[in-house]
Each structure stands twice: as C-alpha cells, then as structure tokens.
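Data block below; observations after.
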Amino acid sequence: MTERYTVTMFVAAPGTPLKSGGTSSAGHVYYVVSDGEKKTSYGFAPSEHGASSGPGKVYLEDLDNYLNPLYQRKLEITESQFNKLKEFGENPEKHGFSMEYRGATNSCIDFMWGGLNHAGIHRNNLLKRPDTDFEGTLKPLDNIKHIKSIPAPVPGSPENTEKDGTMPKRTMLQYLISEETLPEGQRSMLNAIRDQVAGIDQKHGRVYDPTSERISVGLLASAREQGMERVDHVVLGNAPTDGSAQRMFAVQGALNDPSHCRASVSINEAVQTPVDRSFERLQAAEQAHQQREALAMSDPHQAQSPSGMRMG
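Given below as structure tokens:
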C-alpha cells in the first residue's frame, strides 16, 4: 500500500471550546502532519497560559485540545515536505524561528506559515505566484483565504479536502476581535495601525500586548470619527511640557503635507479604555457616516462630513 503523506492546517476562532477547559480567547492556528498511520500536531503559544508575550513553546496537543475548529484544509504532500514540516515543528529555532512569543509579530500564525514555507508549501499572491516570504496576517480568521490559495502539491488527490465548521459561541469581546464583521476598509486601517504601533513598541523596547491593542482600536475609532479613510502613518507625539498626557496620532497623507488629515488619542485614556468600548465608538462613527451619506443623497447642501484635523 502506497503511503499518503498529508498536512492539515487548522484555524480556530475566538471562543473555540478547549478540551482542557474554557475557550480560546483570540483564536489559534496550527498544523497536523500524517504518514497515513500517525498524526502529529504542531502549534505555537506562550509557555505561560494567557500571557501576551514572553517565552514560547511548541504544543503537540492542539489537535485534541481545540474542539470543532472553524476551518481546516487537508493536502496530500510529498515525503520530503512531510519530513520538513516535522523538522520545523520539532526544532523551529534551528530553522530561524524565534521562540519568543510576541502577539502581533511572532505568534502561532508566524509559526504555521514558517513551517509551511520551510516545506515549500506557499500561498499564492495576487499575481497567482508563490509568496515564499509570507508570514500570515495578524488575526487567525484572516488567514483562511490565504490557506485556500495554496496550490495543492499533489493535484487531484482524494486527500485534498476542506471542512468548514460553525462559529462558536463568543463573548462580546471575542465577537468583536474576530473582526469578520468589520468592513474591509476598517480591517485594513486597523491592521495598518497595529503594524505601526508594534513598530513604536519595538523602538521603545516593548512588545505588542493588550495595552497596545487598546491604543490601536481607540486610534481606529478616533480616525473614523474624523472621517479618515486610511492610515498612512502612526506617530507618537512628544511628551508635553505642561504635564498633560502624551498623545498618539494616526495620519492620512504625507507627514510633510500641511493638508494631511490626522486623529489622535490620549495614551493615558486609551490604555484604560476597554477594546469593546472603542468598538462601540467605531460603530457609532460608522452609523453617523452612513447617515451623512444618506443626507447627502437627499440634500447635498445640508450634508456636511467631518474633516480630519489638519496641520497648520
């Protein structure tokens, strides 16, 4: 009997029940390899349960621990690819993967794509070409479309299957951070903010953590309240000399353009504001935007949209 080697990529949504108890707070991705007889699961997470950063660990129990994941895709692979996936899972550091867990920049997502890339299994980019350096997108659910784009290493194999599960019951916060309800424009803005906030964190010797997430979502809400459509830059303001709180700015346009639009948050306020409250602000801003658009269609002279804060 010919052995069929396979890899299965799993995406678990926030709220996925765990066999060990409780639910997944932010979601998870992991991969499982099989030689037709034995399955081995590989996933990456903090060594300390619940931590947002710190020493990481490869977990071998994800296949059993995550109950009813939202999405899975199974592919037949070559023996060489099977061996490379196992090599990476057993010793990721040897293949250039840092074992320091950082929620926004080195997570389970980076680990799974690191293993796939090591084995020569790549997603296709917009030009339908292999993206050999792809490290995934920030949130687990946003990776589903990229997993779907991977060309099958063994086309036509009966092992090539997909399975969609059902979205688990979630808390309000888990529902909001799933982000499948955010319009594409808002998701793009939020991801742009997160990337640049993570860069600011790194410059100051910090890692992106829940505090950074509160700042990012608060800044997104402020940007949409100002009518901004995209975020080109995130800038940490200088510490005020009058003792007031330092601010962080989102900028649409070139930094040296006097007409650029910007929005800001007080860092002290943002770090104390729960993410779900900022999402409520965002929802209110979107409703106001839709009302202005409806008014503009009925009476263009009465409709006025907020202009972002401008330099000068």
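With the sequence shown counted from 1, adding 2 to any position gets you the working numbering.
Note that CB positions come from ideal geometry on N, CA and C, so glycine has one too.
Computed from a predicted structure; not experimentally measured.
For residue i, which residues of its own chain have a beta-carbon under 8 Å away from its beta-carbon, when the five flanking residues on both sides are left out?
i, result
"Asp-133", "His-124, Arg-125, Asn-126 and Asn-127"
"Gln-254", "Ala-225, Met-230, Glu-231, Arg-232, Val-233, Asp-234, His-262, Cys-263, Arg-264 and Gly-310"
"Gln-83", "Tyr-7, Val-9, Ala-121, Gly-122, Ile-123 and Pro-155"
"Arg-312", "Caution is warranted here: a pLDDT of 36 is assigned to Arg-312, below 50, making its placement in the model unreliable, and the coordinate value is therefore given only provisionally. Same-chain partners within the cutoff: Pro-260, Ser-261, His-262, Cys-263 and Arg-264."
"Ser-49", "Gly-56, Pro-57, Gly-58, Lys-59 and Tyr-103"
Under the three-state reduction of DSSP, which class applies to residue i: helix, strand or coil?
i, result
"Asp-37", "coil"
"Met-11", "strand"
"Ala-265", "strand"
"Ala-305", "With a pLDDT of 47 at Ala-305, under the threshold of 50, the modelled position of that residue is not reliable, and no figure is offered here."
"Gln-251", "What sits at residue 251 in the sequence shown is Phe, not Gln. Correct three-state label for Phe-251: strand."
"Leu-118", "helix"
"Glu-102", "strand"
"Val-236", "strand"
"Glu-161", "coil"
"Gly-91", "helix"
"Asn-126", "strand"
"Phe-84", "helix"
"Lys-76", "strand"
"Gly-56", "strand"
"Lys-21", "coil"
"Asn-70", "coil"
Among the options, which residue has its Cα nearest to the Cα of residue i?
i, options, result
"Asn-258", "Glu-81, His-235 and Gly-245", "His-235"
"Gln-248", "Val-237, Ser-100 and Ala-296", "Val-237"
"Leu-140", "Arg-232, Glu-78 and Ala-194", "Ala-194"
"Asp-211", "Lys-150, Leu-62, Asp-197 and Ala-223", "Asp-197"
"Ala-252", "Gly-122, Thr-243 and Gly-239", "Gly-239"
"Thr-163", "Val-199, Lys-150, Arg-172 and Glu-95", "Lys-150"
"His-291", "Ala-223, Glu-92, Phe-113 and Pro-71", "Ala-223"
"Thr-173", "His-97, Pro-185, Val-277 and Gly-58", "Val-277"
"Arg-216", "Thr-18, Lys-96, Ser-36 and Glu-282", "Glu-282"
Could you tell me if residue i is buried or exposed, where buried requires 16 or more neighbouring beta carbons within 10 angstroms of its beta carbon?
i, result
"Asn-270", "exposed"
"His-351", "One cannot answer for residue 351 here, as it falls past the ends of the chain, which runs 3 to 314."
"His-51", "exposed"
"Asp-135", "exposed"
"Met-299", "exposed"
"Asp-244", "exposed"
"Arg-131", "exposed"
"Leu-129", "exposed"
"Gly-38", "exposed"
"Pro-185", "exposed"
"Ser-214", "buried"
"Pro-153", "exposed"
"Lys-86", "buried"
"Asn-93", "exposed"
"Ala-200", "buried"
"Ala-256", "exposed"
Between the beta-carbon of residue i and the beta-carbon of residue j, is there less than 7 Å?
i, j, result
"Tyr-32", "Asp-64", "yes"
"Arg-6", "Glu-89", "no"
"Val-219", "Ser-266", "no"
"Glu-161", "Thr-275", "no"
"His-30", "Ala-53", "no"
"Ser-55", "Val-273", "no"
"Ala-287", "Glu-227", "yes"
"Ser-43", "Leu-69", "no"
Near residue i, what residues of its chain come up, given a Cβ to Cβ distance below 6 Å and the 5 sequence neighbours on each side ignored?
i, result
"Leu-20", "Asn-67"
"Ser-100", "Asn-108"
"Phe-113", "Phe-46"
Apart from the five residues on each side of it in sequence, which residues of its chain come closer than 7 Å, Cβ to Cβ, to residue i?
i, result
"Ser-336", "Residue numbering for the chain in the displayed model covers 3 to 314; residue 336 lies beyond these limits and cannot be assessed."
"Cys-110", "His-30, Val-31, Tyr-32, Gly-45, Phe-46 and Ala-47"
"Pro-16", "Ser-26, Ser-27, Ala-28, Gly-29, Arg-172, Gln-176, Ile-179 and Ser-180"
"Tyr-73", "Val-13, Ile-146, Asp-166 and Gly-167"
"Glu-81", "Tyr-7"
"Asp-203", "Val-209, Tyr-210 and Ser-214"
Can a CB atom of chain D be found closer than 7 Å to the CB of residue i?
i, result
"Gln-188", "No chain D is present in this structure, which holds just one protein chain."
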